[in-house]
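Visitor:
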Amino acid sequence: MLIFFENIGRTITYWIKICFEFFSLLFETIYWIIASPFNKKPICAKSVFEQMVFMGVQSIIIVFFVVFFTGVVLAMQSAPQLRQMGAVFYVAGLVSVSICRELGPVLTALVIAGRVGAAITAEIGSMKVNEQIEALDTMAINPVRYLVVPKFLALLIMLPCLTIIGDAAGILGGYLIGVGNLKINSGLYIQTAVKFLTMKDIYTGVSKAFIFAMIISIVGAYQGFKTRGGAVGVGKATTVSVVSSFILIIIADCILTAIYFFVDY
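With this note's numbering applied, the sequence shown corresponds to residues 189 to 453, in that order.
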């Protein structure tokens, strides 16, 4: 019985330590963003721009197609049930609201977590096992300011933009099915979508994207800094980073959805 409680205590202590280190990295990143203009160590705009291109511009195609086909599937799956009630044109409202509030932000974040989060962990993890992080410390260069801040800012800017692109792609997918396959009048489809979709739905999804961007960048950097054990350790850290980001994105989405629901209610 004593061993049982010891294991529980050890597990709780371990997760408290993980949470403390995670939020410490987050707050240190925010600190450097705020403090950099005042301590004569400005953030390198070139690094931020390069990360924006890698994280955002080069991810547009995959985000577009993932959310586009999600809109297609959502329209096809919901149409039979709505047709039974004589309200098949409501597919427009269902697709547009579902994509903008939930599916667009979450799917975009998951795609970016798999592509960008893994890259962040692999880059920092490789530097860690090759002792390049220690070299930065030796040269009085803060690793968080030099490595994490540009990635954090770039993802904070680009993920909401990608979310908006994904929303448009998902709505377009639903529109093509609604007009082409379900024979809904184009004007009626657009009118119904506009009627159901409000600015609240759009900024709800975009606000989630900011939180997801923080999660992806900080989890990726945290796992990179914790990497041990050479090339094998980098692979393990990358896997843990992606899985952790996926789980935290879903949990954060659930919490944010509950908050928005009760505020609206």
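We put the beta carbon where it would ideally sit given N, CA and C, even for glycine.
Roughly how many whole angstroms lie between the Cα atoms of I308 and G244?
Guide: Cα to Cα, the separation comes out at about 14 Å.
Visitor: Given this structure, state the Cα-to-Cα distance separating Q265 from C349, to the nearest angstrom.
Guide: Looking at the two C-alpha atoms, the distance is approximately 28 Å.
Visitor: How many whole angstroms separate the CB atoms of K414 and G281, which I take to be in contact at a CB cut-off of 8 Å?
Guide: Not confirmed; about 45 Å, so no contact.
Visitor: Would V407 and S429 qualify as a contact pair, given that the criterion is a beta-carbon distance under 8 Å?
Guide: Contact: yes.
Visitor: For a test of the three-state rule: what should DSSP assign to K414, helix, strand or coil?
Guide: Looking at K414 - three-state DSSP - the assignment turns out to be coil, as it is neither helix nor strand.
Visitor: Can you say whether R333 is buried or exposed, counting buried as having 16 or more other CB atoms within 10 angstroms of its CB?
Guide: Buried: at least 16 other Cβ atoms inside 10 Å.
Visitor: Identify, in the order they occur along the chain, each residue of the same chain with its Cβ nearer than 7 Å to the Cβ of K316, setting aside the five sequence neighbours on each side.
Guide: Taken in chain order, the residues that qualify are G412, F413 and T415.
Visitor: Buried or exposed: F449, going by 16 or more other Cβ atoms within 10 Å of its Cβ?
Guide: Exposed is the call here.
Visitor: Rounded to whole angstroms, what is the Cα-Cα separation between I353 and V251?
Guide: Each residue's Cα considered, the two are about 8 Å apart.
Visitor: Please classify C288 as buried or exposed, where buried requires at least 16 other C-beta atoms within 10 Å of its C-beta.
Guide: It counts as buried.
Visitor: So, does the segment 366 to 385 touch the segment 312 to 330, judging by three or more C-beta pairs under 8 Å?
Guide: No, they do not touch.
Visitor: Quick check on A328: does DSSP put it in helix, strand or coil?
Guide: Reduced to three states, the DSSP call for A328 is coil.
Visitor: Closest by CA to V285, which one among F242, Y363, K229 and W220?
Guide: Nearest C-alpha to V285: Y363.
Visitor: Can you tell me whether C232 is helix, strand or coil according to DSSP?
Guide: In this structure, C232 counts as coil in the three-state DSSP scheme.
Visitor: Going residue by residue through the segment 247 to 303, where are the continuous beta strand (DSSP E) segments of at least 3 residues, counting only ones entirely within it?
Guide: The segment 247 to 303 contains no whole beta strand (DSSP E) run of 3 or more residues.
Visitor: Shortest alpha-carbon distance to G292 belongs to which of G421, Y410, V431 and K396?
Guide: Ranking G421, Y410, V431 and K396 by Cα distance to G292 puts K396 first.
Visitor: DSSP three-state label for L350, please.
Guide: Of the three classes helix, strand and coil, the one that applies to L350 here is helix, per DSSP.
Visitor: Taking the alpha-carbon positions, what's the I329 to K229 distance?
Guide: The alpha-carbon atoms of I329 and K229 are separated by roughly 10 Å.
Visitor: Using 8 Å as the Cβ pair cut-off and three pairs as the minimum, do the segment 422 to 438 and the segment 298 to 312 touch?
Guide: Result yes; three or more Cβ-Cβ pairs closer than 8 Å.
Visitor: Run through DSSP, which three-state label would E319 get?
Guide: Coil, per DSSP.
Visitor: Using CA coordinates, which residue listed in F434, C442, G358 and P268 is at the minimum distance from G259?
Guide: It is G358 whose Cα lies nearest to the Cα of G259.
Visitor: Shortest alpha-carbon distance to V254 belongs to which of T296, F340, D441 and F215?
Guide: The residue with the shortest Cα to Cα distance from V254 is T296.
Visitor: Between P331 and V236, is the Cβ-Cβ spacing less than 8 Å?
Guide: Their beta carbons are not under 8 Å apart, which means P331 does not touch V236 by this criterion.
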